[in-house]
Amino acid sequence: MPDASELTTYLPWAVAAVLLIVLIVLVVLLRRRATAAQEALRTREDAHRKALDEATAERERAARDAAEAHARELEQVEARRVDAETSAQQSRALVAAGAKWEETSRRMVLDAVTDLGLDGALVTNLVFVPVDATRTRRFVAQVDHVLLLPTVALVIENKGWKGVVLDGVHPRDAGSSFATLLGDLELEPPFAVQVKRDSLTSLELRTHDQGHAPRKQVRRQAQRISDLVRAETHRKPWFDTAVLYSHPDADVHADPRADDEGVSTVVIASQAQLRAHLEELVRRRRPGPDSPRIDELSALFAGLGAEVTPFGQPLDRASATAATAGPATAGPARQHDDAGASPTQP
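What follows is the structure in structure tokens.
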């Protein structure tokens with residue numbers, strides 16, 4: 002056994018060594034704890050910073066989305082404004098052009114209904130946005146005349162063409178002279194051909210076939226009017242169609258009832274033909290649920306800026322007459338509906 006002097010000598014060193022070991026352990030533990038605390042703090046700071054970044058990004062994204070939505074709304078408003086202005090400009094241009102070209106045909110129709118003692122209204126230069134325009138492209142349609150009688154609604158496409166006009170009659174079938182000059186023309190029905198003097202030494206030839214043919218045009222416009230009336234009044238009166246060549250210097254060769262696509266459109270080239278056709282329509286049309294409401298349609302078309310000219314009895318009396326008319330006015334069954342007429346006059 003060590004003696005007391007040796008214990009006295011080594012004991013302090015042993016205690017110091019133990020204390021040193023304890024100190025080292027404490028330092029290591031404290032350092033680990035500090036490191037863990039620092040890592041936890043960094044984790045919290047990173048999470049906080051990430052949350053701030055996400056919140057900032059969300060605010061920026063929301064602000065950007067709001068700005069884009071506002072920009073789209075402004076673009077839509079501007080597009081609607083431009084669209085409305087374009088439609089208005091087109092309408093004004095068509096109204097101005099129509100006022101010049103439709104006076105002769107307007108006078109012809111009014112003279113015919115006056116001679117026949119008919120009651121109703123004549124709508125001239127009707128300009129409107131077709132119902133299907135919003136689904137395709139924005140444009141306006143222009144209709145020369147709509148004649149409203151108690152049992153008849155007639156859409157009239159006026160053509161103030163002068164010279165020789167072949168409507169539905171091929172040049173090779175119009176005589177040897179036409180066959181010699183124009184017999185090789187390739188024309189797809191329906192069609193119209195116009196030959197007029199361009200100068201003292203030359204002639205101008207114009208061909209109008211398929212969608213540009215007058216009979217096709219008037220049927221297309223009649224369908225557009227029918228769609229408009231149905232959308233605005235929930236009724237669908239029958240619209241007959243006719244092409245009127247009104248120029249006094251026109252020499253028209255036509256099949257008066259050329260049949261295309263199963264529908265007959267009358268071609269009229271004189272005052273006598275116009276009167277005869279109106280007389281026939283009135284005679285064979287029977288009052289029914291699809292008879293035109295003259296007062297209602299006149300108000301609708303006048304609201305669109307068209308010129309509405311009443312004739313004969315007042316409109317309300319004319320409509321009442323149609324509603325109470327007897328079977329003596331019965332006529333043959335009607336044809337199937339069709340579409341017809343272009344927004345501008347060639």
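Using our numbering, read the sequence shown as starting at 2 and increasing by one per residue. Glycine residues also receive a C-beta, built at the ideal position from the N, C-alpha and C atoms.
For a quick check, are the C-beta atoms of residue i and residue j less than 8 Å apart?
{"i": "Ser-247", "j": "Ser-106", "result": "yes"}
{"i": "Leu-1", "j": "Asp-210", "result": "What the structure shows of the chain is the stretch from 2 to 347, and residue 1 is not part of that stretch, so it cannot be assessed."}
{"i": "Val-264", "j": "Asp-168", "result": "no"}
{"i": "Ala-154", "j": "Pro-249", "result": "no"}
{"i": "Pro-215", "j": "Ala-251", "result": "no"}
{"i": "Val-283", "j": "Leu-182", "result": "no"}
{"i": "Val-144", "j": "Ala-255", "result": "no"}
{"i": "Leu-75", "j": "Val-110", "result": "no"}
{"i": "Leu-186", "j": "Phe-312", "result": "no"}
Pull up the distance between the alpha-carbon of residue i and that of residue j, whole angstroms please.
{"i": "Ile-22", "j": "Arg-34", "result": "18 Å"}
{"i": "Arg-32", "j": "Leu-42", "result": "15 Å"}
{"i": "Val-128", "j": "Ala-142", "result": "6 Å"}
{"i": "Asn-126", "j": "Val-309", "result": "9 Å"}
{"i": "Thr-9", "j": "Glu-40", "result": "47 Å"}
{"i": "Val-16", "j": "Thr-36", "result": "30 Å"}
{"i": "Ala-64", "j": "Arg-50", "result": "21 Å"}
{"i": "Val-196", "j": "Arg-108", "result": "25 Å"}
{"i": "Arg-294", "j": "Glu-61", "result": "59 Å"}
{"i": "Leu-204", "j": "Gly-164", "result": "10 Å"}
{"i": "Asp-133", "j": "Gly-121", "result": "29 Å"}
{"i": "His-146", "j": "Gly-176", "result": "33 Å"}
{"i": "Leu-275", "j": "Phe-240", "result": "16 Å"}
{"i": "Arg-285", "j": "Arg-73", "result": "56 Å"}
{"i": "Val-29", "j": "Ala-52", "result": "34 Å"}
Cutting at 7 Å between CB atoms, please list the residues of its own chain near residue i, excluding the five before and the five after it.
{"i": "Glu-59", "result": "none"}
{"i": "Glu-280", "result": "Leu-117"}
{"i": "His-278", "result": "Ala-243, Val-267, Ile-269"}
Near residue i, what residues of its chain come up, given a Cβ to Cβ distance below 8 Å and the 5 sequence neighbours on each side ignored?
{"i": "Val-219", "result": "Val-156, Ile-157, Glu-158, Thr-242, Ala-243, Val-244, Thr-266, Gly-341, Ala-342"}
{"i": "Arg-233", "result": "A quick correction: the sequence has Glu, not Arg, at residue 233. Leu-301, listed in sequence order."}
DSSP on residue i, reduced to helix/strand/coil?
{"i": "Ala-175", "result": "coil"}
{"i": "Ala-41", "result": "helix"}
{"i": "His-254", "result": "strand"}
{"i": "Leu-21", "result": "helix"}
{"i": "Thr-242", "result": "strand"}
Could you pull out every residue in the same chain whose Cβ sits closer than 6 Å to the Cβ of residue i, ignoring the five residues on either side in sequence?
{"i": "Ala-326", "result": "Low confidence applies to Ala-326: its pLDDT is 46, below 50, so where it sits in the model is not reliable enough to give any reading."}
{"i": "Lys-217", "result": "Pro-191"}
{"i": "Thr-430", "result": "Because the chain in this structure spans residues 2 to 347, residue 430 falls outside the shown range and cannot be described."}
{"i": "His-71", "result": "none"}
{"i": "Ser-178", "result": "none"}
{"i": "Ala-324", "result": "Low local confidence applies: a pLDDT of 48 at Ala-324 is under 50, so the model's placement there is unreliable, with the coordinate-based value given in what follows. Once the five neighbours on either side are set aside, Ala-324 has no close Cβ partner at all."}
Query - Length at least 3, wholly inside the region 269-318: the beta strand (DSSP E) runs in chain order - result: 308-312
Query raised in the report: Quick one: complete beta strand (DSSP E) runs, 3+ long, within the region 142-226?
Result: 142-149, 154-160, 164-168, 192-200, 203-210
Requested in this report: Any chance you could list the beta strand (DSSP E) runs of at least 3 consecutive residues sitting entirely within the region 103-139, in chain order?
Outcome: 121-129
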